[in-house]
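The structure appears right after this line, and notes come after that.
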Amino acid sequence: MSHQAILNGIDVLLEDDFRALRDLRVAVVANHSSITLDGRRTVDVLAQRRDLFLTSIFSPEHGPQGNVDATVGDSTDERTGLPIYSLYGGSYRPTPQQLHQVDAVLYDLQDVGCRFYTYITTLGLLLEACGENGVAVYVLDRPNPIGGLDVEGPCSDSDHESFVAYHELPLRHGMTVGELARLFNAERNINAQLKVVTMGGWQRSFWHHNTGQRWIDPSPNIRDVTAALLFPGVGLIEGSNVSVGRGTGNPFHVFGAPWMDGEAVARAVHERTIPGLRCESAAFTPQDSVHRHYRQPCSGVHFIVEDEQSFSPAALGLAIIEILRERYPDVWEYRSIEKLLGRSDLIEAIEDRSPELETLWKPDPDFFEARARALLYG
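Counting along the sequence shown from 1, when you hit position 242 you're at 320 in our numbering, and nothing is skipped either side.
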């Protein structure tokens, strides 16, 4: 690892010899992405300390190893023997019993910068549970891999809150998890005892390749930073009857369906002239039985991001929606994406092919004010 690498929150704690946590009983929200720059698990680093006491582990969606595409049960960490409580199974937030005799919960997960990526919902629910039970929350901050400057796409609304729409955020929020924790805590009046352990050296203009850190898949199908960048746009439509490449070697780089004409759709996307994007027709067959169109040959589109700085995933998402609605009005089940959109008026605009859709496809101005109050980095 280069000495130029950005320090994550856990590495900043290490440099400070964990002074803020001494003599505390702590739990940690962690998975396979929760590692130090020198490759040690956050769980192991905490468990080996003699000046604090690690009581338990909480795991998010995809489980402690980040390799499960289903609900996850409780388990035991083989290396430490500590209980692992799933926050994506029977309960989605720590229970009072699990927080009993815990002074602080540490949150150390790698996010991808998209509103419907569920690790940030887990963060919000953690703040709520800890606030209600008088337990402090320490967010060990990590970089937003797709940068901290660009904010785009429609905000969800408060009537459509769900596990993929915890708060009224745009598709791409341009924030770190530490900043989101501050926003949630203030805007939702949670008022938990929140401490963000900020990164060392990170700047808003940084993308993953600027951090000096190696890529770790935060979940099974986000396998590179390009997938993370495409996710707010392509991932938006996976609630419908199309495949977004899960069960293939290129999840979120492709999308298609057995009923689609990939060449025609690729041409239509190309005609939108989305900056930084090249696309070509693709043929693929999903091979995982838990994903849509399992073993069904699909025709679709392969997306190649040639300039990440100018590319807009929200613009791509809108283009896909409008093209599918126009070309396949009787086949594409567009209403099923309402949960990921988090807005019923957008579904109505899609249904009516309304020219207002493009206007609605922008962040709420109020979000920018709340975001500005929560930012931690320049």
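Idealized CB from N, CA, C, for every residue including glycine.
So, at 6 Å on beta carbons, what are the nonlocal neighbours of A182 in its own chain, with the 5 sequence-adjacent residues on each side left out? Around A182, the same chain offers L102, V104, A214 and Y216 as residues with beta carbons nearer than 6 Å, after the five sequence neighbours per side are excluded.
Taking all protein chains shown into account, decide if R260 is buried (16 or more other Cβ within 10 angstroms of its Cβ) or exposed. So R260 counts as buried.
Considering only DSSP beta bridges, list what R97 is partnered with. Answer is none; R97 lacks a bridge partner.
Under the DSSP definition of a beta bridge, which residues are partnered with K273? Answer is Y216.
Using 8 Å as the cut-off, can you tell me whether the region 408 to 428 makes contact with the region 359 to 373, which would need three or more C-beta pairs spanning the two stretches below that distance? Flag = no, the region 408 to 428 and the region 359 to 373 do not touch.
Exposed or buried, which one is Q175 when buried takes at least 16 other CB atoms within 10 Å? Exposed: under 16 other Cβ atoms inside 10 Å.
Let me know if C208 comes out buried or exposed under the rule of 16 or more other beta-carbons within 10 Å of its beta-carbon. Per the 10 Å Cβ criterion, buried.
Less than 8 Å between the CB atoms is what I'm expecting for L314 and L249, so what's the real figure, rounded? Between L314 and L249 the beta-carbon gap is near 7 Å, inside 8 Å, which marks them as a contact.
Within 9 Å, strictly: CB atoms of V379 and G354: Pairing V379 with G354 gives a Cβ-Cβ distance that is not under 9 Å.
Segments of 4+ residues assigned as alpha helix (DSSP H) that fall wholly inside the region 195 to 274: DSSP runs (the alpha helix (DSSP H)) wholly in the region 195 to 274: 197 to 211 and 255 to 265.
Could you check which residue in V229, Q374, V274 and I268 has the C-alpha nearest to that of Q387? With distances taken between Cα atoms, Q387 lies closest to V229.
What does H380 pair with, by DSSP beta-bridge criteria? The partner list for H380 (beta bridge, DSSP) reads V332 and E358.
Using the C-alpha atoms, what's the distance from T120 back to S169? Each residue's alpha carbon lies about 23 Å from the other.
In the DSSP output, what is L85 paired with across the bridge? Paired residue(s): G278.
Could you compute how far the alpha carbon of V242 sits from the alpha carbon of V106? Rounded to whole angstroms, the gap between the alpha carbons of V242 and V106 is 22 Å.
Run through DSSP, which three-state label would Y166 get? The answer is coil: DSSP assigns Y166 none of H, G, I, E or B.
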